[in-house]
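In what follows, a single structure is set out as structure tokens and then discussed.
Residue numbers (my numbering), protein chains in the order written: chain U, 1 to 301; chain V, 1 to 301.
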């Protein structure tokens, strides 16, 4: 039997990986600091409470559960702060140890969460897995270095290692400090919402598709980095407009009231060919439908 | 006062860094698993016993000693095995946590031990710090990734970070399984010693000079990787011949009796300009004198 251990399993992405992993036939073990979350979680998942930053908590869990597959999504994710938080180093250390314990216990496949911030954002454009990493942030540096060590451990232990490089995402339950959630909540509350001109082009994917892509990557045998993005660029302004339409309050939007950040790259879009062709995954939710669903979810709060 | 904490301080290199660090005016704190070694150690050094692989042992030591400088030499170093040992991952984790704790405690400067195995050995030749890392071994991958994360932590915390990339070394007290030591011991014992043709060119430095270079790097403000090598290439055959001359038994040498390894690069020599010009360090011991001294040391055992 294929048995997957999912870390960060109560998180924004992680919680949505459990059902697709079950559908793919995995016996699913989920780990979160608090164990099984209060919110609805799919049936047939075995929950474990562990703080992976505790000395050897991850290793002990690996040796107890004996997973064949490891989907490691847990990381420091405080909005804004995560880009340059020293906590990223703690997660490098915890991840390296976790993957080492997994390999030593005979695990077969590791999937890590990488980031589009591993790429050279000065160049920007359509970002392809074969381009050399050039992270400008500590978050990107930490994710890139972690993947390098994990790939080395995989080679030593005979496990395959892949890393899903996440681009931009949104969906119900997102942290309210993030773009789509904050605009949706503001407009639904009848507040004026100021944004930049939003001319930068980004690659947005619904969180359920991001989670589905990770589940597909766990079941695949693709190695190395794999972009998890739609492959389609959209101006951030268009995303904000869709939120305003769905909220019925385009009148409250002050587009252009905020300055663009000087260091914002013009275009960051995933080359999604590896995800489509090698992993065999295509997203199911278009941007318009996904934004409408997300705004409805905030309306229902 | 400048206070340096030296890890791996009872090791082959580490033990020889303590005196030059004292001479440069540092208050020297040394850490080793067993604390102060039995063998002679210079006066005026404060010893600490700690296993840096123990959960937070390094962090606790940092918070107690409050060093301004950190010279981190401790690593898994079992001859032969270290190239592809999973223990390298444990040292990635321990090092990242140690440097994080050092930065968080207000430390000013970190010097790590890197390796010439971070370079692309397929290319080989004279290896310069600005060439992109392309490690082929897990040891090289782990050292490279560790430096990346440490540099990121340095930026976050306002500490400078350098990494001395060690090339080939020898000297009294070396592990008897390594080249110069094993040939010297064999010949001094009157045994026949088989070697390869030894046409590969390497950069050898006496361990006391390697240690002196690390001490200079601690006192300098150079950032990033710095080759610790002589800058002079020598055929391995010449090193072996010098050992045989010093031992007085060239008759026992079977040069060419062993096959060259197919993947041995022809030339691996340090570009030593950063070490010479930016760090201001030049080695004191020539190869002939250094080998003679080393063989004498083995003779006196």
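Where a beta carbon is used, it is the ideal one built from N, C-alpha and C, also for glycine.
{"query": "Any C-beta of chain U sitting closer than 8 Å to the C-beta of residue 265 (chain V)?", "result": "no"}
{"query": "Between which two residues does the alpha helix (DSSP H) harbouring residue 288 (chain V) extend?", "result": "287-299"}
{"query": "Return yes when at least one heavy atom of the ligand FMN lies under 7 Å from the C-beta of residue 215 (chain V), else no.", "result": "As presented, the structure is devoid of all ligands, the ligand FMN included, so that no description of it is given."}
{"query": "What is the C-beta distance between residue 24 (chain V) and residue 213 (chain V), in whole angstroms, given that I count them as a contact (C-beta under 8 Å)?", "result": "With 8 Å as the limit, residue 24 (chain V) and residue 213 (chain V) do not qualify as a contact, their Cβ atoms being about 12 Å apart."}
{"query": "Just the C-alpha distance for residue 152 (chain V) and residue 224 (chain V), rounded to the nearest angstrom, thanks.", "result": "11 Å"}
{"query": "Give the residues of chain V in contact with residue 1 (chain U), contact being defined as C-beta atoms less than 8 Å apart.", "result": "Simply none; closest approach about 26 Å."}
{"query": "Do you know how far the Cα of residue 65 (chain U) is from the Cα of residue 38 (chain U)?", "result": "23 Å"}
{"query": "Looking at the structure shown, is residue 124 (chain V) part of a helix, part of a strand, or coil, going by DSSP?", "result": "coil"}
{"query": "Is residue 91 (chain V) helix, strand or coil by DSSP?", "result": "helix"}
{"query": "Suppose you measure from the CA of residue 299 (chain V) to the CA of residue 174 (chain V); what does that come to, to the nearest Å?", "result": "14 Å"}
{"query": "Tell me which residue opens and which closes the beta strand (DSSP E) that residue 244 (chain V) is part of.", "result": "From DSSP, residue 244 (chain V) is part of no beta strand (DSSP E) but of the alpha helix (DSSP H) over 236-247."}
{"query": "Is any beta-carbon of chain V found at less than 8 Å from that of residue 154 (chain U)?", "result": "no"}
{"query": "Would you kindly check if the distance between the Cβ of residue 80 (chain U) and the Cβ of residue 268 (chain U) is under 8 Å?", "result": "no"}
{"query": "Here's the rule: buried if 16 or more other CB atoms are within 10 angstroms of the residue's CB, otherwise exposed. What is residue 130 (chain U)?", "result": "exposed"}
{"query": "Out of V:106, V:107, V:108, V:134, which has the shortest C-alpha to C-alpha gap to residue 119 (chain V)?", "result": "V:134"}
{"query": "DSSP puts residue 254 (chain U) in a beta bridge; with which residues?", "result": "U:194"}
{"query": "Can you pull out the residues from the region 89-101 of chain V whose beta carbon lies closer than 8 Å to at least one beta carbon of chain U?", "result": "89, 90, 92, 93, 94, 96, 97, 99, 100"}
{"query": "Taking contact to mean 3 or more Cβ pairs, one atom from each stretch, closer than 8 Å, check whether the region 257-267 of chain V and the region 176-190 of chain V are in contact.", "result": "no"}
{"query": "Quick one: what's residue 27 (chain U) bridged to in DSSP?", "result": "U:3"}
{"query": "At a Cβ cut of 9 Å, what residues of the region 46-64 of chain V count as close to chain U, listed as they run along the chain?", "result": "54, 55, 56"}
{"query": "Please list, in chain order, the residues of the region 125-144 of chain U that have any C-beta partner in chain V closer than 8 Å.", "result": "132, 138, 141, 142, 144"}
{"query": "Taking the beta carbon of residue 185 (chain V) as the centre, do at least 16 other beta carbons fall within 10 Å, making it buried, or is it exposed?", "result": "buried"}
{"query": "Assuming residue 63 (chain V) and residue 105 (chain V) are in contact, meaning their beta carbons sit under 8 Å apart, how far apart are those beta carbons, in whole angstroms?", "result": "6 Å"}
{"query": "Check the Cβ of residue 165 (chain V) against every Cβ in chain U and list those closer than 7 Å, keeping chain order.", "result": "Within chain U, no residue comes near residue 165 (chain V); the closest Cβ sits about 17 Å away, beyond 7 Å."}
{"query": "According to DSSP, is residue 139 (chain U) part of a helix, a strand, or is it coil?", "result": "helix"}
{"query": "Using 8 Å as the Cβ pair cut-off and three pairs as the minimum, do the region 193-204 of chain U and the region 231-247 of chain U touch?", "result": "yes"}
{"query": "Who pairs with residue 319 (chain U) in a beta bridge, going by DSSP?", "result": "Chain U is shown from 1 up to 301; residue 319 (chain U) falls before or after that span and cannot be answered."}
{"query": "Give the straight-line distance between the Cα atoms of residue 253 (chain V) and residue 285 (chain V), rounded to the nearest whole angstrom.", "result": "25 Å"}
{"query": "Assuming residue 208 (chain U) and residue 171 (chain U) form a contact by the criterion Cβ under 8 Å, report the distance between their Cβ atoms to the nearest whole angstrom.", "result": "6 Å"}
{"query": "Using only CA atoms, which one of U:34, U:95, U:137, U:112 lies nearest to residue 84 (chain U)?", "result": "U:137"}
{"query": "Under 9 Å between beta-carbons, which chain U residues line up against residue 148 (chain V)? List them in chain order, please.", "result": "135, 141, 142, 144, 145, 148"}
{"query": "Could you pull out every residue in the same chain whose Cβ sits closer than 6 Å to the Cβ of residue 230 (chain V), ignoring the five residues on either side in sequence?", "result": "203, 205, 283"}
{"query": "Here's the rule I'm using: 16 or more other beta-carbon atoms within 10 Å means buried, otherwise exposed. How should residue 88 (chain V) be labelled?", "result": "buried"}
{"query": "Using a C-beta to C-beta distance shorter than 8 Å, which residues of chain V count as neighbours of residue 86 (chain U)?", "result": "100, 103, 104, 153, 156, 157"}
{"query": "Tell me the rounded alpha-carbon separation between residue 69 (chain U) and residue 219 (chain U).", "result": "9 Å"}
{"query": "Would you give the residue range spanned by the alpha helix (DSSP H) that residue 186 (chain U) belongs to?", "result": "179-188"}
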